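Residue numbers (our numbering): 2 to 1130.
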């Protein structure tokens, strides 16, 4: 069977290919197909951009910018290699330089996205080729500036090296420094400037150099180029409060201090050197540099201290030398110790090289750490800085007692932020892996801190303490994972007052983390857990956490008995404190069924929660059971056997959407090609009882499903209610629907059920949706109307209520109004839907006629034979529908619609919006518009049958229009309307309109209408002064897809337009020639020069484009033809 299918497919493919080549090789068909493809309409949001002209040919593409933006690199290479003319502009070269590299995104095995810049070899090669072929033109655009701006190093290297050696001035050089160019590029730029322009003058470069971020560049500027350090401006770094906040490295900052970059700032900013130094320390504490203290940072502090005090003359050189000697002594001593330890390790571990290397590395690290601590301590003692002392204590927990000024009770006097920084330094420390809770905790140092903190804490009360206490408490709860560690931490807090303030539980429990983590559910699985919680919740802090979890339904119980025990032991004792001794119990809401893990309804209710297991391929077989389960949800309360506690089974309308989505997902996972049909069949069997829900809420859901075109949601809602139950009683579903629909219509300016023609100028509101799905949704409502009317016909009343018809007319008209707005809708779709609506009306009328006949027979009364046509579903027809009908049949006529003078330029309308009254579907226009749109789109003239014609059914479900208004008739209506409006317009407005009308006929490729319009304008004795745009379109028009010129049409157009131009045939030919030169139509150029014996181009028609190819063509083929010198030839 499979082999037969495969053979049939292969045979089908072969036949298709044979047919394709037969059509393609037919000259007539080939030409016809390409002409249609060239001029076919394209749907677009803005009618002004409706493409009614030929597509651009590769031959006519000259713009470098266009080829680069459209990534036509192959075409660009072809034109460069064949030495074709290319319009090289500064922007075009810039785009090519930008294209020389791009951002590449790669995804790691862990799913992370990594971005990296990758060179575009093709763009770089094309730049080389273009530079080689068109050197002068490319260099005139100053490509070096753009290459530096976008940091394209490969392009810069091409430009600054042989054979181009691009010259630069000081501004470009300084700009390259700001763009962080490597020193190798800076050297080459400087060498080129010396070769061509002499030495650069750096005396004026102050405040022009920003962002130097590496020592190599700074050394090159200061040491090689000998630039005065005061002439270098670095962004913000000269200010002491921003000293460490910049991105500069410590080595770079050391270099700046060494060359005296900060001397001017030090001498002017602060009189007191201590204040200046203190500000720099503040900058250090706020920066990323403060996380790890290293020797080079300490050296930088020493250099700053020396520099500041030397400038302020508060220290002598002798003192500085003594301090430096002490620094060297500390470093030398630790280096000697390090060497001795390494030698001992080498002697003791000759037999084990690995151990030897490890021991040496450990010794080096230990000695470096010891050196850093000793140097830091010496820095504190030297500077007598309190802020440095705090930093030292936070890192080493060691007091410096040599100086009286530093004998402080630190932890008792520090602000909360400093205490927090100490604790944070213990988390995610170097060498520890992140465990998902913010890092691991250095328990030993944390315990050491707690001991010191509890010994020194003496505050009575401070609002800032709460932040610190909460952080200490949360750190303990998050990072302590065993009972032993918790007991050690408790003992380290030997301050009873502090222990009570922290509110730590007496005992540690594994449930502590579940309780503390706000995103984790607390599972109560034993009575021991409840007893521990009872003791722990004596803490106000833990009590509030438990209350919040219960309120957020994040506490679950293994069984109902545990919930009862919790209620009696724990929750009955919870209370909130008020002023005085009174306590008000906390009343917690009853828990939901889902919070009991093992309850009598576990299986059934789990199925109602729509887990994946219930939606399986055999779902259809379980439909009856699921119906009973979901129906049971209408019960508001359910009492467990043997208990008085109510469990609320909250069934809301969101459950319906989840249910539908789960069925859809199941069908998708099964790779079912008929996913939508299967889902619809399944849902059609399910009836969810929504009678207990509020009618207004149900109607809102129904409205949302209609607006959202959600077929499945709509089906479930309608199956769950009796829409026409108690239809004659006020407050029925139908009344609620009309109330809600009218409220939306009247109170929302941009209602989804409004009918806008267009907003602002030329913006047509399309709907982008799947046409087939929309038609399916539309047919669902039509079938729903038919089935409803059949039910009424079979019922005892057998009378159609006016509300039935009004309801379906409202929805069907809304869907029809949206249908004609869909992008890409065809008139065949409209015929199909309209025929279905006609069938409904036939059914209604036949039924009413039967009812009337019965009444006549029983009552012998002929007065009941009134017309029943009013009891039909009527499709509205007004200007809105006319607009979209015309857009469907003749898109090009809508472009003319916006050319109508009174429409495109409203005189009195500030707000140019046309829409409809939502109730009566009547066009509502701005004040002062005088019904312009209604008169133009006259619904009495442009009926559906007039536009599309009658319908003949040749085959079943196939509808073809036999006639309909031709394009010329509709156009004539628009033209006559506009001509009537132009009678009172001034001459300028009339000429403006006529020129645009001529352009329009050329756009839609109707040369016959164009010539006819020219004769009309001529009969009115009108002349058009600015005819360039029209002639340019004619030149493009007379060239068909094969690039051959229709000289007969060209001749006709020249003869016709010459009557409208002041200056006659001579001026007309000059404009034609100018446009032909701009468009590079060499055949047309030669034809006009030879046929009309032109010897020169008028000076006012000079071509301001470097069209060197055309210049060469004219020189070779028409050597006597004179070109004005004012042009750029």
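From the three backbone atoms N, C-alpha and C, an ideal C-beta is built for every residue, glycine too.
Quick caveat, the model's predicted, so the values are computed rather than measured.
Selected residue, minimal CA-CA separation from residue i, among the options
{"i": "residue 742", "options": "815, 769 and 715", "result": "815"}
{"i": "residue 684", "options": "661, 706 and 696", "result": "661"}
{"i": "residue 1057", "options": "1011, 1030 and 1021", "result": "1011"}
{"i": "residue 1006", "options": "696, 551 and 1034", "result": "1034"}
{"i": "residue 328", "options": "95, 777, 665 and 376", "result": "376"}
{"i": "residue 331", "options": "189, 370 and 119", "result": "370"}
{"i": "residue 705", "options": "738, 279 and 679", "result": "738"}
{"i": "residue 396", "options": "1082, 443 and 694", "result": "443"}
{"i": "residue 821", "options": "780, 842, 877 and 885", "result": "885"}
{"i": "residue 154", "options": "125, 550 and 139", "result": "125"}
{"i": "residue 767", "options": "791, 818, 745 and 141", "result": "818"}
{"i": "residue 569", "options": "532, 312 and 82", "result": "532"}
{"i": "residue 682", "options": "93, 1073 and 781", "result": "781"}
{"i": "residue 564", "options": "552, 553, 525 and 529", "result": "525"}
{"i": "residue 789", "options": "775, 808, 774 and 779", "result": "808"}
Distance between residue j and residue i (C-alpha atoms, nearest Å)
{"i": "residue 712", "j": "residue 703", "result": "10 Å"}
{"i": "residue 939", "j": "residue 897", "result": "16 Å"}
{"i": "residue 561", "j": "residue 534", "result": "18 Å"}
{"i": "residue 719", "j": "residue 787", "result": "15 Å"}
{"i": "residue 1036", "j": "residue 1015", "result": "17 Å"}
{"i": "residue 839", "j": "residue 943", "result": "20 Å"}
{"i": "residue 249", "j": "residue 291", "result": "14 Å"}
{"i": "residue 567", "j": "residue 490", "result": "30 Å"}
{"i": "residue 478", "j": "residue 515", "result": "10 Å"}
{"i": "residue 194", "j": "residue 135", "result": "23 Å"}
{"i": "residue 29", "j": "residue 65", "result": "36 Å"}
{"i": "residue 293", "j": "residue 261", "result": "26 Å"}
{"i": "residue 390", "j": "residue 256", "result": "26 Å"}
{"i": "residue 37", "j": "residue 27", "result": "15 Å"}
{"i": "residue 80", "j": "residue 895", "result": "39 Å"}
{"i": "residue 621", "j": "residue 680", "result": "With a pLDDT of only 33 at residue 621, under 50, the local geometry of the prediction cannot be trusted, and no value is derived from it."}
{"i": "residue 812", "j": "residue 517", "result": "53 Å"}
{"i": "residue 61", "j": "residue 100", "result": "23 Å"}
{"i": "residue 380", "j": "residue 275", "result": "14 Å"}
Cutoff 7 Å; reference residue i; Cβ partners in own chain excluding five residues on either side
{"i": "residue 995", "result": "1018, 1023 and 1025"}
{"i": "residue 1069", "result": "1055, 1058, 1059 and 1062"}
{"i": "residue 221", "result": "184 and 187"}
{"i": "residue 1118", "result": "1087"}
Cβ shell of residue i (< 6 Å), same chain only, five flanking positions each side left out
{"i": "residue 537", "result": "506 and 543"}
{"i": "residue 1043", "result": "Confidence in residue 1043 is poor, its pLDDT being 49 and thus under 50, which makes the residue's placement unreliable; the coordinate value appears in the next sentence. If we look at residue 1043 and ignore the five residues flanking it on each side, it has no Cβ neighbours."}
{"i": "residue 480", "result": "442"}
{"i": "residue 1093", "result": "1070"}
{"i": "residue 1097", "result": "1123"}
Interface flag, residue i vs chain B, CB-CB below 8 Å
{"i": "residue 817", "result": "Any reference to chain B falls outside this structure, which holds one protein chain only."}
Contact under 8 Å by Cβ, residue i with residue j
{"i": "residue 296", "j": "residue 373", "result": "yes"}
{"i": "residue 118", "j": "residue 104", "result": "yes"}
{"i": "residue 977", "j": "residue 934", "result": "no"}
{"i": "residue 305", "j": "residue 321", "result": "no"}
{"i": "residue 190", "j": "residue 161", "result": "yes"}
{"i": "residue 557", "j": "residue 503", "result": "no"}
{"i": "residue 1039", "j": "residue 1047", "result": "yes"}
Other residues of its chain near residue i: CB distance less than 8 Å, five sequence neighbours each side excluded
{"i": "residue 658", "result": "714"}
{"i": "residue 697", "result": "737 and 741"}
{"i": "residue 889", "result": "821, 826, 827, 828 and 831"}
{"i": "residue 145", "result": "157, 160, 161, 167, 169 and 173"}
Every unbroken alpha helix (DSSP H) within the stretch 985-1023, with a cutoff of 4 residues, ordered by chain = 988-1004 and 1008-1020
Only counting runs of 4 or more residues, tell me where the alpha helix (DSSP H) segments fall wholly within the stretch 127-162, in order along the chain.
-> 136-141, 144-150 and 154-161
Mind pulling the alpha helix (DSSP H) runs of 4 or more residues that sit fully within the stretch 485-555?
-> 497-503, 513-517, 528-537 and 541-552
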